[in-house]
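Step one of this worksheet: look at the structure below.
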Amino acid sequence: MALIRTDAVATGGRPTAKVSPAPGRRPSGRWTALAFLAPLVVYLLVFYAYPLYRNIELSVHDYTPRAFVQGDPEFTGLDNYRAVLSDDAFLAALRNTALFTLVSIAFQYALGLALAVFFQRGFRLSAVLRAMFLVPWLLPLIVSASTWSWMLNSDNGIVNAFLRAFGIGQINWLTSPGTALLSVTVANIWLGIPFNLVILYAGLQNIPASLYEAAGLDGANAWQRFWRITFPLLRPVSAITLLLGLIYTLKVVDIIWIMTRGGPADASATLAIWSYREAFGTGQPDFSPAAAVGNLLILIAFAAGLLHVRMQRKEGIS
Amino acid sequence: MSRWRTAVGVVLTGVMLFPVYWMVNVSLTRTGDMRADPPHWFPWDPTFEGYAAALGQQLPALATSLFIGLGTVALTLLVALPAGYALAKLLPRGTGAIDFLLLVTQMIPAVVMAMGFYAIYIRLGMLNTVAGLIVADSTLAVPFAVLLFRAFMAGIPREIMAAAQIDGAGTWRTFRSVVLPLSRNSVITVSLFAFLWAWSDFIFASTLNRSSDTIPVTLGIFRYIGNNTTQWNAIMATAVIASVPAAFLLVLAQRYIAAGVTAGAVKD
Chain A
244 MALIRTDAVA
254 TGGRPTAKVS
264 PAPGRRPSGR
274 WTALAFLAPL
284 VVYLLVFYAY
294 PLYRNIELSV
304 HDYTPRAFVQ
314 GDPEFTGLDN
324 YRAVLSDDAF
334 LAALRNTALF
344 TLVSIAFQYA
354 LGLALAVFFQ
364 RGFRLSAVLR
374 AMFLVPWLLP
384 LIVSASTWSW
394 MLNSDNGIVN
404 AFLRAFGIGQ
414 INWLTSPGTA
424 LLSVTVANIW
434 LGIPFNLVIL
444 YAGLQNIPAS
454 LYEAAGLDGA
464 NAWQRFWRIT
474 FPLLRPVSAI
484 TLLLGLIYTL
494 KVVDIIWIMT
504 RGGPADASAT
514 LAIWSYREAF
524 GTGQPDFSPA
534 AAVGNLLILI
544 AFAAGLLHVR
554 MQRKEGIS
Chain B
10 MSRWRTAVGV
20 VLTGVMLFPV
30 YWMVNVSLTR
40 TGDMRADPPH
50 WFPWDPTFEG
60 YAAALGQQLP
70 ALATSLFIGL
80 GTVALTLLVA
90 LPAGYALAKL
100 LPRGTGAIDF
110 LLLVTQMIPA
120 VVMAMGFYAI
130 YIRLGMLNTV
140 AGLIVADSTL
150 AVPFAVLLFR
160 AFMAGIPREI
170 MAAAQIDGAG
180 TWRTFRSVVL
190 PLSRNSVITV
200 SLFAFLWAWS
210 DFIFASTLNR
220 SSDTIPVTLG
230 IFRYIGNNTT
240 QWNAIMATAV
250 IASVPAAFLL
260 VLAQRYIAAG
270 VTAGAVKD
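Which chain is which? The protein sequence lines are A and B, in order.
Under the working numbering, the first residue of the first sequence carries the number 244, and numbering increases by one thereafter.
Under the working numbering, the first residue of the second sequence carries the number 10, and numbering increases by one thereafter.
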């Protein structure tokens, strides 16, 4: 009974989810807990830590396909990284990655936020329409990517047919170097809008309606309400949305690979595509540089994560 | 005012879902009309030849995907359910490290995981096996599943569990007979997402399973595009069929996600 009472007191006013239950009263409690946790720990070690370790190992050896099977590669230290960084294709891939990622998350966020604000005030059918917006997020990527490929097809695509009606000539969206990156970016923005909408909409629900009422009494218009209330109060949610968007977009392979395979002539090759192509895209798998590029990608994502944590902390202090 | 918003909302949704409409439209278009100019905006004269071709050629791939999806769900639940329980109820402190690890897992590109698995599978002879693909696909869902179960199980009132313990139930028994039944909604949510992610996976399939006879449907579509660029109605018909689980999830999980969130908040 005492246990129940303390819990009831501890729970008072706070969501139960945050309450720490009393752990291991009995000495055996800790072992039981570890037994329940063991499958996950083993799983993380075998299926995350080990592949990651293998990946680092691949990147500091010279794994030819033959050495790959026989397991006797030559140790080359950081040579693979040096080769990758001094490759002419590296700067181009870095630039494509930056453009693809930043343009994608900027538009996904802006459009997702605009839609979230639009849906913030419920209206007839709003719940149904909001659910429909999830569709691009739920579809298998191969489905979306092949649909976009056909829509952007030079000769028979609906996009060019539409433009023709306005007298605009044929644009080779996926096959000309000038538009390939733009095309996959547009498709990726379309894919990312639902995720941004869902998170930002949930964030909007936590802004107290009384603030808007008070602002309304003070005569603030919709524009002022957005910039003075919605946007500042949504900042933590915005930060995590953008961080996750960055992490997810950096590693995108499928949508680009299916639509353009990084081409034409590397015009839409990002770092992730480069890595994928070296390892699996050609008849001659070249795992060592691919692993080096992959590890650079992890470093970039990790740096973004650290930056996010630092900014959060700064905000907490000020 | 409200009616005006509804009208704008319908138009926006229409624009957003136009590619989905176009996929369905093309899947019903006759091969002869595929290159018509201007394209047919509506399948006035629909044909099911695309669907017939899709089912004729992709049925084994669909079955493989179904099997891989179910296997992934089973493996994900097996690993994540006890872990969620331990993190939520048995080990409330010192879980920061696991949280951090689970977030870091999100930063690893799938291509890096694919290379790691490839290097391991080539030694174990697990390349081009369905089991290998199930294990790889489960890595997409396990971090999400652990975090969701932890959040959900933390919301189960201690009173209920204490009552079970007073009745003499041990930790395992409490887990099985009290916690699991109460976690039904979160189990369904996790299962649906794990299934969908495994069903949709392209990267692991195209790397670990690329020279196999038993390929999942995502790879089936990819090969279709490569081999057969004239029959876009068949490609789009396969895409429509491959989208069925997503539609299913949209209708079902809407409810279960909402249920999971509200059930997490305990009323006392």
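Yeah, the Cβ is synthetic: ideal placement off N, Cα and C, and Gly gets one too.
Closer than 8 Å to the CB of A:Asp-497 there is at least one CB belonging to chain B.
Residue state for A:Asp-305 is assigned as strand, using DSSP reduced to three classes. Sixteen is the threshold: when 16 or more other Cβ atoms of the shown chains lie within 10 Å of the Cβ of A:Lys-494, as they do, the residue is buried.
In this structure B:Val-144 is buried. Its beta-carbon is surrounded by 16 or more other beta-carbon atoms within 10 angstroms. Between B:Gly-93 and B:Phe-158 the beta-carbon gap is near 3 Å, inside 8 Å, which marks them as a contact. Taking a Cβ-Cβ threshold of 7 Å, the residues of chain B close to A:Met-394 are Pro-28, Trp-31, in chain order. Judged by DSSP in its simplified three-state form, B:Phe-51 adopts coil rather than helix or strand. Scanning A:Ala-335, A:Leu-277, A:Ala-276 for the CA closest to the CA of A:Trp-517 turns up A:Ala-335. The DSSP-derived three-state label of A:Phe-523 is helix.
In the structure shown, the three-state DSSP call for A:Phe-366 is coil. At the C-beta level, B:Ala-207 and B:Leu-149 come within 8 Å of one another. Straight-line measurement puts the Cα of A:Thr-503 at about 21 Å from the Cα of B:Ala-243. At least one CB of chain B lies nearer than 8 Å to the CB of A:Tyr-291.
Taking 8 Å as the CB threshold, A:Val-480 stays off the interface with chain B.
Chain A places a beta carbon closer than 8 Å to that of B:Thr-180, counting this residue as a contact. In this structure, the alpha-carbon of A:Tyr-324 lies about 46 Å from that of B:Leu-21. At the C-beta level, A:Pro-282 and B:Leu-87 come within 8 Å of one another. At a cut-off of 8 Å between C-beta atoms, B:Ile-212 counts as an interface residue with respect to chain A. Listed in chain order, the non-local C-beta contacts of B:Arg-219 below 8 Å within the same chain comprise Asn-137, Leu-228, local neighbours out to five positions each way being set aside. Distances from the CA of B:Ser-221 to each of B:Asn-236, B:Leu-75, B:Leu-142 were compared; the closest alpha carbon is that of B:Leu-142.
Separation of B:Met-116 and A:Ala-544 (C-alpha to C-alpha, rounded to the nearest whole angstrom) is 6 Å. Think of a sphere of 9 Å around the beta carbon of A:Leu-372: the chain B residues whose beta carbon falls inside it are Thr-15, Gly-18, Val-19, Leu-21, Thr-22, in chain order. Restricting attention to B:Phe-257, B:Thr-15, B:Asp-42, the CA atom closest to the CA of A:Ser-369 is found in B:Thr-15.
Close to B:Asp-46, with beta-carbon spacing below 9 Å, are these residues of chain A in chain order: Asp-398, Asn-399, Ala-404, Arg-407. The beta carbon of A:Ile-348 sits closer than 7 Å to those of Leu-485, Gly-488, Leu-489, Thr-492, all from its chain and outside the five residues before and after it, given in chain order. Under DSSP, A:Glu-300 takes part in no beta bridge, so it has no partner. For the stretch 532-546 of chain A, residues whose beta-carbon sits nearer than 8 Å to a beta-carbon of chain B comprise Ala-533, Ala-534, Gly-537, Asn-538, Leu-540, Ile-541, Ala-544, Phe-545. The beta carbon of B:Phe-158 sits no closer than 8 Å to any beta carbon of chain A.
With a threshold of 8 Å between beta carbons, A:Asn-415 makes no contact with chain B. Interface annotation, B:Leu-75: not in contact with chain A, CB-CB separation never under 8 Å. No Cβ of chain A is located within less than 8 Å of the beta carbon of B:Tyr-130. Runs of the alpha helix (DSSP H) spanning 4 or more residues and lying entirely within the stretch 133-197 of chain B occur at 139-163, 167-175, 180-183, in chain order. Within chain B, the residues whose beta carbon sits less than 7 Å from that of A:Ile-490 are Gln-115, Met-116, listed in sequence order. A Cβ-Cβ distance of about 6 Å is found for the pair A:Gly-537 and B:Val-120, placing them in contact under the 8 Å criterion.
For the 8 Å CB-CB criterion, A:Ile-498 and A:Leu-384 form a contact. For A:Trp-466, the closest Cβ of chain B is not nearer than 8 Å.
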